[in-house]
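Take a look at the structure below.
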Amino acid sequence: MGLFFFAYRDFTGDADAMLGNQGFGRAHHRVLYFVCLRPGMPVADLLDILKITKQSLARVLRQLIDNGYVEQKTGRSDRRQRLLYATEKGRELFSTLSATQASRINDAIASLPEEARKTVTDFLVSMVDPADRGTLERLNLTAPLS
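Numbered by full-length UniProt numbering, the letters in the sequence shown go through residues 1 to 146 in order.
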């Protein structure tokens, strides 16, 4: 568990520093990550993925919208539906945050044998609650690390 703690601390550290410069935190990063991953994602899906309350999401989402990182549109077929899209500014921040984290992951697995990449993916998937593994597949998050 100690190794996992240190790996997570360092994995999030660079992004946390950049987010802090914007007045944001990890909650903002998680929202931006999934909005960029799935443009047009309904708010309801985001709530389900993040397993947070509407109130928690509303605060974070309002800050991202007010600062020009995310925009919210009404659904075409269901006018009650709120669909989320990253703006250019949001995609740029996401790209910067993702580049530092992807670099850390790629550096960590670079010295591993090819078959170890599947082992790493299998390990991470096994850490996810079995009830949420279908969501991983829907979001295409179970592909081997590269």
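Built from N, CA and C at the ideal position, the CB exists for glycine as well. Since the model is a prediction, treat every value here as computed from it, not as a measurement.
- Beta-bridge partners of residue 82 (DSSP): 74.
- When only Cα atoms are considered, residue 91 and residue 112 end up about 31 Å apart.
- Contact fails between the region 73 to 81 and the region 106 to 121, because fewer than three Cβ pairs, one in each stretch, are under 8 Å apart.
- Residue pairing by DSSP puts residue 41 in a beta bridge opposite 84.
- Secondary structure note for residue 11: its alpha helix (DSSP H) is the uninterrupted segment 2 to 21.
- Judged by beta-carbon spacing, residue 121 lies beyond the 8 Å limit of residue 49, meaning their Cβ atoms are not closer than that value.
- The alpha carbon of residue 96 has as its nearest neighbour, out of 2, 36, 5, 125, the alpha carbon of 36.
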